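**Q** Residue numbers (our numbering), protein chains in the order written: chain A, 378 to 791; chain B, 56 to 139. Sending over a structure as structure tokens; questions will come in a sec.
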Amino acid sequence: MISQSRIVITGLGLTAPNGNDIATFRENLLKGIPRVTTIPMRYMGSVLAGVCDFDPLRYQKKKEVRNGTRAGSIAIYCAQEALKSAHINLEVIDKSMVGVYIGITEHGNVETENEVYNISQFNYDTQYWSHHHNPRTIANNAAGEVTLNMGITGPHYTIGAACAAGNAGLIQGYQMLQLGEVDYALVGGVSESIHSFGIFAGFKSQGALATHEDPNKASRPFDKDRSGIVVSEGGCLYVLERHEDAIKRGAPILAEVIGYAINSDATDAVLPNAQRQAECIQKAIKKAGLQPPDIHLVSTHATSTPLGDAQECTALRTVFADCPDTYFNNTKSFIGHAMGAAGALELAGNLPSFSDGLIHPTINVDTLDPACALPNLVIDKPIRPSRIDTLLNNSFGMLGINSVVIVRRYPPLP
Amino acid sequence: MTKADVQKIVLDIIADIAPDEDLSQVKPDVRLRDQLELDSMDFLDIVMELRKQYSVHVPEDEYIHLASLDSCAEYLLPKLAAKA
Numbered sequence: 378m379i380s381q382s383r384i385v386i387t388g389l390g391l392t393a394p395n396g397n398d399i400a401t402f403r404e405n406l407l408k409g410i411p412r413v414t415t416i417p418m419r420y421m422g423s424v425l426a427g428v429c430d431f432d433p434l435r436y437q438k439k440k441e442v443r444n445g446t447r448a449g450s451i452a453i454y455c456a457q458e459a460l461k462s463a464h465i466n467l468e469v470i471d472k473s474m475v476g477v478y479i480g481i482t483e484h485g486n487v488e489t490e491n492e493v494y495n496i497s498q499f500n501y502d503t504q505y506w507s508h509h510h511n512p513r514t515i516a517n518n519a520a521g522e523v524t525l526n527m528g529i530t531g532p533h534y535t536i537g538a539a540c541a542a543g544n545a546g547l548i549q550g551y552q553m554l555q556l557g558e559v560d561y562a563l564v565g566g567v568s569e570s571i572h573s574f575g576i577f578a579g580f581k582s583q584g585a586l587a588t589h590e591d592p593n594k595a596s597r598p599f600d601k602d603r604s605g606i607v608v609s610e611g612g613c614l615y616v617l618e619r620h621e622d623a624i625k626r627g628a629p630i631l632a633e634v635i636g637y638a639i640n641s642d643a644t645d646a647v648l649p650n651a652q653r654q655a656e657c658i659q660k661a662i663k664k665a666g667l668q669p670p671d672i673h674l675v676s677t678h679a680t681s682t683p684l685g686d687a688q689e690c691t692a693l694r695t696v697f698a699d700c701p702d703t704y705f706n707n708t709k710s711f712i713g714h715a716m717g718a719a720g721a722l723e724l725a726g727n728l729p730s731f732s733d734g735l736i737h738p739t740i741n742v743d744t745l746d747p748a749c750a751l752p753n754l755v756i757d758k759p760i761r762p763s764r765i766d767t768l769l770n771n772s773f774g775m776l777g778i779n780s781v782v783i784v785r786r787y788p789p790l791p
Numbered sequence: 056m057t058k059a060d061v062q063k064i065v066l067d068i069i070a071d072i073a074p075d076e077d078l079s080q081v082k083p084d085v086r087l088r089d090q091l092e093l094d095s096m097d098f099l100d101i102v103m104e105l106r107k108q109y110s111v112h113v114p115e116d117e118y119i120h121l122a123s124l125d126s127c128a129e130y131l132l133p134k135l136a137a138k139a
């Protein structure tokens, strides 16, 4: 059954380095409060990272935390918070009609690195390799841990989509709802990547790892002196439902998902392609039945790398060439790059614009790079535009994957 | 080393791998799985910790001896004593 049902967001749960709920996260974004810190990293000394401080024991037993993964704990926390905010009691609904679709950049590096280190303490004797390794490293881990924790019996899997994964999870849920495969979709993205030295070492070898004497100034998209990515952990999961179902049960509706697109650069493993990004944005706007001037806020993907930020700005200037009411901001300047969670978290940080009427700023732009100059780039202070009804969320990743999601204020204003 | 010492070793391991459990009332003559929430992965954890911490290797066909604290003590005492 394929329906043309409208799809709405009825709940969300998140953990970010600067907030473990949407109210705190939003407040810090509006107040210009970032949170990046320095952590010890095996073989590397110390690195800059965004670290979350939610309490996993709020929803898990100690043994679940011990045997599971950080990605699993993040996903469980976000899923439980999301269902609570959507006013959904799993005990009174058909749990076989709940789908869990979680975007991830990567999974298994953390656990495999830990096991290799573990057996290194035993002369590399694989008798000491943990029997927990396989359930911890299977690609569906984060989503599967959610179903185990909550007794959800519908479909679950993760969507591996590099740093475009947060949007990709949301898009997957949207499609499954329209297909009638599920009645409720828990969607978004998570990341545990700060616990893997390989992620940091890889970015460093690539010349893409940020350095700065002040951790909170290290993630500085669009600034002339930006030096690279600050890797962060985090998660954000939404509850999506068909509009008619949400209305029927009197659900709180946070926004309506009206457009999306995913495409591929097909040009380079790591270098972005502004033309393909522009095409992806245009495709999403077309699917939403809008024109570029109808987009009031663009939540940029920019990760603070010299080339990536400039390429995205080229794409944005192409699409939004004559759009006086379109504003741009960036959330990574506060929390670094939450990888698989980034797209979902950055959308969440901007969703309250529909209720508070504000656009949170991009911070750490001390000297704007001319290559990143955008009309209406919101810097340092929040602004209150004349209206904000639509939000376009960019999320791009390695191997040339681009994803865009567009949401609209609910209910729409005349 | 006494059987009580062995039982304490096993209980300390269980305290790590099943941190939610109350171990104060564990009966030594009753199967551990009948009084604690332990699954097959937890028993593999016990086997792994005996290997890591005490260099005691428990072959798969002898796992049955880890059923209760009493049977653990009976089975592990000579192995642990030999390592002491």
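Even for Gly, the Cβ is constructed at its ideal location relative to N, Cα and C. None of these values were measured; they are calculated from a predicted model.
Determine which residues share a DSSP beta bridge with residue 535/A and list them.
**A** In DSSP, residue 535/A forms a bridge with 479/A.
**Q** For a minimum of 3 consecutive residues, which ranges assigned as the beta strand (DSSP E) are wholly contained in the segment 451 to 536 of chain A?
**A** 475 to 481
**Q** Which residues in chain A sit within 8 Å of residue 134/B, going by Cβ to Cβ distance?
**A** None at all; the shortest Cβ gap to chain A is about 16 Å.
**Q** Output, in chain order, the set of chain A residues within a Cβ distance shorter than 9 Å of residue 114/B.
**A** Simply none; closest approach about 12 Å.
**Q** Measuring CB to CB, does residue 395/A end up less than 9 Å from residue 419/A?
**A** Not in contact: residue 395/A and residue 419/A (Cβ atoms no closer than 9 Å).
**Q** Quick one: what's got a C-beta closer than 8 Å to residue 775/A's C-beta in the same chain, skipping five residues either side?
**A** 539, 540, 646, 647
**Q** Can you confirm whether residue 504/A, when its beta carbon is compared against all beta carbons of chain B, has any partner nearer than 9 Å?
**A** yes
**Q** Tell me, please, which residues DSSP counts as bridged to residue 773/A.
**A** Its beta-bridge partners are 779/A.
**Q** Can you confirm whether residue 68/B, when its beta carbon is compared against all beta carbons of chain E, has any partner nearer than 9 Å?
**A** Absent from the structure is chain E; the protein chains it does hold are A and B.
**Q** For residue 75/B, go through chain A and note every residue whose CB falls closer than 8 Å to its CB, in chain order.
**A** 438, 439, 440
**Q** Among the residues of its own chain, which have a CB less than 6 Å from the CB of residue 531/A, if the five just before and after it don't count?
**A** Excluding sequence neighbours, residue 531/A sits near 473, 474, 475, 476, 559.
**Q** Taking the CB atoms as reference points, tell me whether residue 654/A and residue 692/A lie closer together than 9 Å.
**A** yes
**Q** Let's test the definition: count the other Cβ atoms within 10 Å of the Cβ of residue 716/A and tell me whether it reaches 16, buried, or not, exposed.
**A** buried
**Q** Along the chain, where does the beta strand (DSSP E) that runs through residue 662/A open and close?
**A** Counting along the chain, no beta strand (DSSP E) covers residue 662/A; the unbroken alpha helix (DSSP H) around it starts and ends at 651 to 664.
**Q** Pick helix, strand or coil for residue 78/B, following the three-state DSSP scheme.
**A** coil
**Q** Answer with yes or no whether the minimum CB distance from residue 499/A to chain B is below 9 Å.
**A** Interface residue, yes.
**Q** Would a check of beta-carbon distances place residue 444/A closer than 9 Å to chain B?
**A** yes
**Q** What's the C-alpha gap between residue 122/B and residue 416/A?
**A** 42 Å
**Q** At a CB-CB cut-off below 8 Å, which residues of chain A make contact with residue 106/B?
**A** 504, 505
**Q** With distances taken Cα to Cα, identify the nearest neighbour of residue 462/A among 449/A, 451/A, 400/A.
**A** 400/A
**Q** Does any C-beta atom of chain B lie closer than 9 Å to the C-beta of residue 509/A?
**A** Yes, residue 509/A lies at the interface with chain B (some Cβ there is under 9 Å from its Cβ).
**Q** Quick check: the Cα distance between residue 671/A and residue 677/A, rounded to an integer number of angstroms?
**A** 17 Å
**Q** Determine the chain A residues that contact residue 99/B at a beta-carbon separation under 8 Å, and present them in chain order.
**A** 508
**Q** Give me the DSSP bridge partner(s) of residue 600/A.
**A** 745/A
**Q** Along the alpha helix (DSSP H) that carries residue 550/A, what are the first and last residues, could you check?
**A** 542 to 556
**Q** Please list, in chain order, all residues of the same chain as residue 433/A whose beta carbon is under 7 Å from its beta carbon, the five residues on each side excluded.
**A** Closer than 7 Å at the Cβ level, and outside the excluded window around residue 433/A, lie 442, 450, 454.
**Q** For residue 393/A, collect the residues of the same chain with a Cβ closer than 6 Å to its Cβ; drop the 5 residues on either side in sequence, then sort them by chain order.
**A** 402, 611, 712, 722
**Q** Is residue 608/A buried or exposed, if buried means 16 or more other CB atoms sit within 10 Å of its CB?
**A** buried
**Q** For a quick check, are the C-beta atoms of residue 602/A and residue 744/A less than 9 Å apart?
**A** yes
**Q** Below 7 Å CB to CB, which residues in the same chain sit around residue 664/A once its five sequence neighbours on both sides are set aside?
**A** The residues are 636, 637, 638.
**Q** Measuring only between beta-carbons, confirm whether residue 119/B sits less than 9 Å from chain A.
**A** Not an interface residue.
**Q** What residues in its chain sit with their C-beta under 6 Å from that of residue 457/A, if we drop five residues either side in the sequence?
**A** Same-chain partners within the cutoff: 436.
**Q** If you measure between the beta carbons of residue 618/A and residue 628/A, is that distance less than 9 Å?
**A** Note that the C-beta distance between residue 618/A and residue 628/A is below 9 Å.
**Q** Three or more C-beta pairs closer than 8 Å, one from the segment 478 to 493 of chain A and one from the segment 548 to 568 of chain A: is that the case here?
**A** Between the segment 478 to 493 of chain A and the segment 548 to 568 of chain A, the count of Cβ pairs shorter than 8 Å is three or higher; the stretches touch.
**Q** Would you tell me roughly how many angstroms separate the C-alpha atoms of residue 824/A and residue 703/A, rounded to the nearest one?
**A** Lying before the first or after the last residue shown, residue 824/A is absent from chain A, which here runs from 378 to 791.
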